[in-house]
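Step one of this worksheet: look at the structure below.
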Amino acid sequence: MTAVDDIRARLDIVDVAAAYVPDLRRAGKNFKARCPFHNEQTPSFVVFPDRQTWRCFGACATGGDVFSLVTRAENTDFAGALRLLAAQAGVRLEERRDRGAERDPLYAVNEAAQQFFKQSYNADRGAQARAYAESRRISEESAARFGIGYAPSTGAELLRSLGALGFAEEAVFGAGLALRNESGPARDMFRGRLMFPLRDEEGRIAGFAGRSLDGSNPKYINTQQTPVFDKGRLLYGLDAARDAISAEGEAVVVEGYMDVIAAHEHGGRNVVASMGTALTEAQVALLKARARRIVLALDADAAGQEATLHSVRTSWELVGSLAASSRKMDVLNRPDDIGSLRVALITGGKDPDELIRSDPAQWRRLIAGASPAAEFLMEAEAARIDLTSAQGKSALVERLLPVIYAVPNWADQERYFGRLAEMAGVSPSALEAAVGRMQGPLEARRRRPAPERKRVESVFAVAERDPLEERVLALLAQDEELLERAGEVDEETFVRPENRAVLSAVRHAGTIEGALAELDDDLADRLLGLSVEELPPSDRQRRAMEWEGCLRRLDERRLRELKAQEEAAFLSDSGMADSGAGGAAQADPDYAQSLNAQALEINERLRAIFAGDKA
Numbered sequence: 008m009t010a011v012d013d014i015r016a017r018l019d020i021v022d023v024a025a026a027y028v029p030d031l032r033r034a035g036k037n038f039k040a041r042c043p044f045h046n047e048q049t050p051s052f053v054v055f056p057d058r059q060t061w062r063c064f065g066a067c068a069t070g071g072d073v074f075s076l077v078t079r080a081e082n083t084d085f086a087g088a089l090r091l092l093a094a095q096a097g098v099r100l101e102e103r104r105d106r107g108a109e110r111d112p113l114y115a116v117n118e119a120a121q122q123f124f125k126q127s128y129n130a131d132r133g134a135q136a137r138a139y140a141e142s143r144r145i146s147e148e149s150a151a152r153f154g155i156g157y158a159p160s161t162g163a164e165l166l167r168s169l170g171a172l173g174f175a176e177e178a179v180f181g182a183g184l185a186l187r188n189e190s191g192p193a194r195d196m197f198r199g200r201l202m203f204p205l206r207d208e209e210g211r212i213a214g215f216a217g218r219s220l221d222g223s224n225p226k227y228i229n230t231q232q233t234p235v236f237d238k239g240r241l242l243y244g245l246d247a248a249r250d251a252i253s254a255e256g257e258a259v260v261v262e263g264y265m266d267v268i269a270a271h272e273h274g275g276r277n278v279v280a281s282m283g284t285a286l287t288e289a290q291v292a293l294l295k296a297r298a299r300r301i302v303l304a305l306d307a308d309a310a311g312q313e314a315t316l317h318s319v320r321t322s323w324e325l326v327g328s329l330a331a332s333s334r335k336m337d338v339l340n341r342p343d344d345i346g347s348l349r350v351a352l353i354t355g356g357k358d359p360d361e362l363i364r365s366d367p368a369q370w371r372r373l374i375a376g377a378s379p380a381a382e383f384l385m386e387a388e389a390a391r392i393d394l395t396s397a398q399g400k401s402a403l404v405e406r407l408l409p410v411i412y413a414v415p416n417w418a419d420q421e422r423y424f425g426r427l428a429e430m431a432g433v434s435p436s437a438l439e440a441a442v443g444r445m446q447g448p449l450e451a452r453r454r455r456p457a458p459e460r461k462r463v464e465s466v467f468a469v470a471e472r473d474p475l476e477e478r479v480l481a482l483l484a485q486d487e488e489l490l491e492r493a494g495e496v497d498e499e500t501f502v503r504p505e506n507r508a509v510l511s512a513v514r515h516a517g518t519i520e521g522a523l524a525e526l527d528d529d530l531a532d533r534l535l536g537l538s539v540e541e542l543p544p545s546d547r548q549r550r551a552m553e554w555e556g557c558l559r560r561l562d563e564r565r566l567r568e569l570k571a572q573e574e575a576a577f578l579s580d581s582g583m584a585d586s587g588a589g590g591a592a593q594a595d596p597d598y599a600q601s602l603n604a605q606a607l608e609i610n611e612r613l614r615a616i617f618a619g620d621k622a
């Protein structure tokens with residue numbers, strides 16, 4: 008039995024709740040009281056002894072088990088609640104001395120490094136860093152509150168300073184603050200950069216981010232992964248924002264450090280940053296522990312539109328999966344978590360910090376009016392697809408049905424389904440017949456394993472890697488002559504969205520260095536990795552043949568997908584005609600003729616590819 012199970016077996020949630028809710032009274036077989044988490048006159052807080060759960064049916068609209076109750080009441084995390092309840096239940100928790108011994112020195116050396124960076128920032132040599140912060144309109148108060156510092160451009164001054172304080176070199180290397188150099192002396196990891204300490208939710212410094220001040224690339228570099236630093240498990244500013252997030256029930260997620268600082272300066276204390284990447288499961292879990300609503304504030308005019316869409320897709324999937332996981336533990340929790348994800352698009356070519364500083368009222372209106380993520384995904388997917396063709400409409404339906412199925416509220420599902428039908432240019436009944444959906448409310452259908460759902464693959468069910476696409480990118484990154492032929496690659500033949508984003512940046516910039524400057528950290532790391540991937544020795548002619556072969560394979564794969572979509576369109580058309588829903592096949596011979604013509608064209612293109620292979 009685990010410690011959690013042991014605690015649950017020993018403690019009654021009624022007794023635990025009574026310590027935080029003095030007016031808890033029996034109401035039938037349950038217990039009721041005024042909710043301790045918001046002001047109210049009518050009791051809406053209910054404890055269910057038979058389920059060992061609780062729920063607020065008022066403004067909080069949330070609930071959980073004994074651990075979530077203590078987490079919220081004590082404003083702590085799960086580990087804190089576990090310690091409190093273990094002490095109350097008399098359960099001894101296993102001590103993790105080994106892990107603590109490994110982690111604590113890293114926090115200590117990071118704190119010492121932070122003092123060094125702050126002193127350098129305030130000294131004469133920090134003049135350029137202070138001037139940059141002033142140009143970004145960061146106040147002295149904010150610089151102090153967020154611990155902004157400066158890493159001198161000298162080679163190993165931090166390493167020597169920490170050594171003088173008694174820190175062993177191994178601790179400095181282990182914290183990612185210095186790098187060994189096989190061909191020379193060790194050197195500091197950060198040099199000549201504006202420094203941002205990256206804290207965990209408890210306020211401990213886990214790592215650093217450094218911004219270049221001379222325009223060199225990469226613009227930002229982060230601490231390498233260490234036992235205490237994992238970029239995907241932290242949110243910049245959460246230590247400063249967590250109380251506001253809990254109080255407001257809303258978390259606003261931006262991309263950059265400057266965005267967070269600007270928001271906090273102008274009263275947006277519930278703003279955190281994902282540090283330029285799509286949200287991870289760990290980050291979503293940190294937010295859902297405190298917030299009922301998550302708003303992604305994204306730059307609509309960013310160069311990598313694919314990255315923006317990928318960020319929303321990923322967040323939508325993760326919020327939904329965590330909601331499903333929490334519902335397994337809490338049978339009373341309403342399945343509305345995924346509906347709480349919203350998107351605020353910032354237009355006009357401004358970053359969030361620019362908008363916040365120039366028009367804070369507009370920023371607040373933008374966040375308040377954020378669109379449900381499902382609506383954003385529907386509009387964004389429709390904008391990327393040619394809806395004048397049958398295969399485009401088929402592709403749109405395939406991509407958006409899983410999104411609609413994931414919406415928890417059946418009324419919203421019906422509304423979104425109607426919108427999808429409108430986008431596809433058919434009536435809802437015709438679309439329903441085309442995809443073979445069963446009769447009855449969408450909510451009931453969503454919960455049943457209907458046969459038609461097996462044919463509609465999830466938007467998110469994509470292979471983690473695509474060797475063919477990565478091969479093309481590696482060839483571009485390592486061969487200057489092939490880089491000049493980047494325009495030959497059709498972006499639509501790429502399946503992986505992150506690979507499309509990298510390809511788009513390479514084509515737009517024309518150089519690998521320029522592409523690295525355009526991409527966020529994760530995508531830049533992907534391109535860097537491909538640029539050093541070992542390719543077999545090959546002469547110019549063989550390399551060109553490999554390039555052309557890869558493009559043929561990409562084109563073939565794309566054509567086969569289009570062929571499958573054509574077949575689906577024929578089936579849908581036939582289904583509508585047979586069912587009488589629109590009479591598409593018999594009543595619209597031009598449409599059927601168009602499908603035939605497109606199918607023939609695809610077959611001819613496939614035959615041309617096969618002929619090229621034989622030649």
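If you count by the working numbering, then the sequence shown holds residues 8 to 622, one letter each, in order. Virtual Cβ for every residue (Gly too), placed ideally from N, Cα, C. In this text, all values refer to a predicted model and were calculated from it rather than measured experimentally.
Can you tell me which of the three DSSP states residue 383 falls into?
helix
Is the segment 374-388 close to the segment 348-355, with three or more CB pairs under 8 Å?
yes
Ordered along the chain, which non-local residues of its own chain (more than five positions away) have a Cβ less than 7 Å from that of residue 248?
Counting only Cβ-Cβ distances below 7 Å, and skipping sequence neighbours, we find 276, 277, 278, 279.
Residue 478 to residue 370, Cα distance in whole Å?
42 Å
For residue 503, tell me which candidate among 543, 320, 398, 553 has the shortest Cα-Cα distance.
320
Going by C-alpha distance, which of 225, 14, 127, 164 is nearest residue 185?
164
Closer than 7 Å by C-beta to residue 241: which residues in its own chain qualify, once you throw out the five before and the five after it? Chain order, please.
205, 207, 213
So if DSSP puts residue 174 in a beta bridge, which residue, or which two residues, is it bridged to?
Paired residues: none, contrary to the question.
What residue range is occupied by the uninterrupted alpha helix (DSSP H) comprising residue 265?
264-272
Tell whether a beta-carbon distance below 7 Å holds between residue 17 and residue 96.
It is a contact, given that the beta carbons lie within the stated cut-off.
Flag this pair as yes or no: are the beta carbons of residue 42 and residue 65 separated by less than 7 Å?
Contact flag set, yes.
Measure the beta-carbon distance from residue 168 to residue 203 and round it to whole angstroms, keeping in mind my assumption that it falls under 8 Å.
Not really, about 19 Å apart at Cβ, beyond 8 Å.
Starting from the C-beta of residue 387, find all residues in its chain whose C-beta is less than 7 Å away, skip the five residues before and the five after it, and write them out in chain order.
316
Just curious, the alpha helix (DSSP H) that residue 409 is in, first and last residue?
397-413
Quick check on residue 220: does DSSP put it in helix, strand or coil?
coil
So that I know if they touch, is there some Cβ in chain C lying closer than 7 Å to that of residue 222?
Although the question refers to chain C, the structure presented lacks it and comprises just one protein chain.
Got a sec, what are the start and stop residues for the beta strand (DSSP E) residue 78 sits in?
No beta strand (DSSP E) holds residue 78; the alpha helix (DSSP H) holding it covers 73-80.
Answer yes or no: do residue 158 and residue 222 have a C-beta to C-beta separation smaller than 7 Å?
no
How close, in whole Å, do the beta carbons of residue 260 and residue 302 come, if the pair is a contact with beta carbons under 8 Å?
Contact holds; Cβ gap of about 7 Å.
Touching or not, the segment 169-185 and the segment 142-154, by the rule of three or more beta carbon pairs under 8 Å?
no
For the segment 527-570, list the alpha helix (DSSP H) runs that are entirely contained and at least 4 residues long, ordered along the chain.
Counting whole runs of 4 or more residues, the segment 527-570 contains the alpha helix (DSSP H) stretches 528-538.
Residues in its own chain within less than 6 Å of residue 211 by CB, not counting five upstream and five downstream?
114
Answer with buried or exposed for residue 229, where buried requires no fewer than 16 other C-beta atoms within 10 angstroms of its C-beta.
buried
Can you find the residues in the same chain that come closer than 6 Å, C-beta to C-beta, to residue 236, ignoring five residues on each side of it along the sequence?
213, 214, 230
Check whether the Cβ atoms of residue 92 and residue 14 sit closer than 7 Å, and answer yes or no.
yes
In this structure, does DSSP put residue 229 in helix, strand or coil?
strand
Which same chain residues, not among the five before or five after residue 270, have their C-beta less than 6 Å away from its C-beta?
278, 363
Note down the Cα distance separating residue 528 from residue 227, rounded to an integer number of angstroms.
Computed Cα separation, rounded: 8 Å.
Can you list the alpha helix (DSSP H) stretches of 4 or more residues lying completely in the segment 155-207, in chain order?
164-171, 176-181
Which of the three DSSP states is assigned to residue 38 in this structure?
strand
When burial is assigned at 16 or more other CB atoms within 10 Å of the CB, is residue 131 buried or exposed?
exposed
Suppose you measure from the CA of residue 481 to the CA of residue 567; what does that come to, to the nearest Å?
24 Å
Once DSSP output is grouped into helix, strand and coil, what is the label at residue 256?
coil
Ends of the beta strand (DSSP E) at residue 300?
300-306
Helix, strand or coil, according to DSSP, for residue 66 in the structure here?
coil
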